[in-house]
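As structure tokens, the structure follows; a few thoughts come after it.
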Amino acid sequence: MKLRTLTSLLPMTTALFSYGQDVVQPNVLFIFVDDFACDAIGAYGNKIVQTPNIDQIAANGVVFNNAYNIGGWNGAISVASRSQLLTGRYLWNAKNAEDNKYKKEYESEMFLPQVMSNAGYQTFMTGKWHVGHVSPEQVFDKVVLTRKGGMPPDTPASYNRPKDENDQNWLPWDTLQMGFWTGGKHWSEAQADVMIDYIKENAGSSRPSFMYCAFNAPHDPRQSPQEYVEQYSIESIPLPGNFLPEHPFNKEMGTGRGMRDEKLAPFPRTSYAVKKHIQEYYGIISHLDEQIGRILKALKESGMDKNTLIVFASDNGLAVGQHGFLGKQNLYDHSAKVPLIFSGSGIPKGQVRDQLVYMQDLVPTIYESIGLNKNYQIDFIPLNNIIRKKENGRSHLYGAYLKTQRMIRNKRYKLYLIPEAKQVYLFDLLKDPLEKNNLYGTKKHRKVAEKMYQLFLREAATQNDPLKLEAKNLDEFTREI
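As numbered in this note's numbering, residues 1127 to 1607 make up the sequence shown, in order.
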């Protein structure tokens, strides 16, 4: 499939979300977070973690319960996720664009902020970038305090720990460990400061703003001030219901013991080590939530909140002990599913949508929300009619990681393939949301599994999947690849 060029970017005379008879383009505040699992947010059902400000965004808007990132072409899932987001391309099309960046047919490709700029917006970016083939300065009007790498400076002592309950060699609030403390102030706080300054400086501007606030948190190293961590006692944290000491096929999945993320805790995983990592994960999340609250307060005090569309999303999810993993290089829901919330100007309040969507669908959703005409051509689809309860959304979603994992899901079932292990999983997500009970091989679900496999083959072709499975059916798949 040849990648297509965005065209005809003049605003429409009416926006999909009405702002009155005279259309006033809303500001857009896009809060993009890193490695933030859905199950670590109060609004998504977590009863322990404290996320009052994110919960408030959700209460004032629409929460998507089934938003996914397609996957990744290397271990840095955020590279693929962000490339898809900023180009509007499905996974393998986005990689193709990156691999062919110097070819003439790609010279006119436009990124999200460039589209917004052409629509009359002043564009601003702060925080994590992690898109290798273009710099943020090339596509945003203004960039302050950008982080071009994938994570804060590494902290060697944060790996392979804790070995036991007496292991105190690394502490999240130890500023000498650098990481998020590099520069003297926690990165989340420094970035919120920058975002607040921009809001104050541009509150009275005649041009609307597109504000891309991309936090590195809660990516590891999971550092935050002591009080944020210690508000969660180890005893109060339950072990994940799908905890495993180690996944039986992690090597074949391309997520073995040598994977950077998987080195964060010792093998086999222990109950205490996983709970400790969850405690630190919740700590950095609550600290991040407070910084988001500061930004929302500044938005309200400036008066911009009355005409601002707020989008909250994560590049991917994360495992913290689930299925034996501590990373996101897998296609289980804890890692592939992401939070996605639309709030603010023109959005219904306190509502939930269960439709199947890709996180990157937020891009054309923003375009339609600000009144761009529909002649732009990108792979993802707008969610505006789903928000307005006028569409049912997709019937299925596809997922991929390297050439080692593939997934297809519909509204009930997920088929999960591990080619190198000739392993097939079939999960009933309605009855088994933790993905613990493999139904593949049961007589009752044989036809379901085969139907899902045929659906996968068709969707893989649509997605330009470079992995060409020769097996025409699951019997062949499990015998020989």
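Glycine included, each C-beta is placed from N, C-alpha and C at the ideal position.
Could you tell me which residues DSSP puts in a beta bridge with residue i?
i: T1249; result: F1336
i: M1485; result: Its beta-bridge partners do not exist; DSSP assigns none.
i: R1087; result: Residue 1087 lies beyond the range of the chain shown here (1127 to 1607); nothing can be said about it.
i: A1206; result: DSSP, once it has assigned bridges, lists no residue as partnering A1206.
i: A1318; result: Its beta-bridge partners do not exist; DSSP assigns none.
i: L1155; result: M1337, I1436
i: S1469; result: G1187, I1436
i: G1260; result: Looking at the sequence itself, residue 1260 is Val, so the reference to Gly does not match. According to DSSP, which records beta bridges pairwise, V1260 is partnered with nothing at all.
List the endpoints of the continuous alpha helix (DSSP H) containing residue i.
i: K1221; result: 1217-1225
i: L1422; result: 1397-1428
i: K1355; result: The displayed chain sequence assigns Val, not Lys, to residue 1355. First-last of the alpha helix (DSSP H) with V1355: 1352-1356.
i: I1174; result: Where I1174 is concerned, there is no enclosing alpha helix (DSSP H), given that its DSSP letter is neither H nor E.
i: R1383; result: It is not in any alpha helix (DSSP H) - R1383 carries neither H nor E in the DSSP assignment.
For residue i, tell me which candidate among the options has the shortest Cα-Cα distance.
i: T1272; options: P1262, P1279, T1281; result: P1262
i: F1250; options: K1268, E1235, V1257; result: K1268
i: D1181; options: K1598, K1537, I1411; result: I1411
i: L1238; options: W1218, R1208, L1217, H1522; result: R1208
i: T1434; options: I1322, K1577, P1334, L1523; result: P1334
i: V1260; options: A1220, A1316, V1159; result: A1220
i: N1286; options: L1452, L1543, L1390; result: L1390
i: L1509; options: G1367, I1544, I1473; result: I1473
What does the alpha-carbon distance come out to for the pair residue i and residue j?
i: D1505; j: R1215; result: 5 angstroms
i: V1241; j: L1488; result: 14 angstroms
i: A1193; j: Q1481; result: 8 angstroms
i: V1188; j: G1470; result: 10 angstroms
i: G1275; j: K1515; result: 39 angstroms
i: H1460; j: P1347; result: 19 angstroms
i: L1297; j: A1445; result: 21 angstroms
i: P1344; j: A1424; result: 22 angstroms
i: K1573; j: A1462; result: 25 angstroms
i: T1588; j: Q1151; result: 35 angstroms
i: R1520; j: I1507; result: 10 angstroms
i: A1169; j: E1602; result: 43 angstroms
i: N1590; j: V1257; result: 21 angstroms
i: N1295; j: M1533; result: 39 angstroms
i: I1607; j: Y1408; result: Because the pLDDT of I1607 is 43, which lies under 50, any placement of that residue in the model is unreliable, and the question is left without a value.
i: P1366; j: Q1448; result: 6 angstroms
i: T1530; j: E1546; result: 7 angstroms
Leaving out five residues on either side along the sequence, give the residues of the same chain with a beta carbon under 8 angstroms from the beta carbon of residue i.
i: N1200; result: A1206, L1528
i: L1555; result: D1459, R1535, R1538, Y1539, K1540, E1561
Going along the chain, which residues of its own chain have a beta-carbon closer than 7 angstroms to the beta-carbon of residue i, five neighbours each way excluded?
i: T1604; result: K1548, V1550
i: N1172; result: D1165, A1166
i: G1450; result: L1370, P1371, E1372, H1373, N1376, R1395
i: N1511; result: E1517
i: F1393; result: E1372, R1383
For the beta strand (DSSP E) that residue i lies in, which residues bound it at each end?
i: L1271; result: 1268-1273
i: V1437; result: 1434-1440
i: F1451; result: Note, F1451: premise wrong, no beta strand (DSSP E); not H, not E.
i: I1504; result: Premise fails: I1504 is in no beta strand (DSSP E) and is neither H nor E.
i: D1554; result: 1549-1554
i: Q1531; result: 1531-1535
i: L1541; result: 1539-1544
Which same chain residues end up closer than 6 angstroms to residue i when comparing Cβ atoms and leaving out the 5 residues on each side of it in sequence?
i: F1306; result: P1278, H1312, W1313, Q1349
i: Y1145; result: Annotation note: pLDDT 35 at Y1145 (below 50); position unreliable, coordinate value reported separately. Same-chain partners within the cutoff: there are none.
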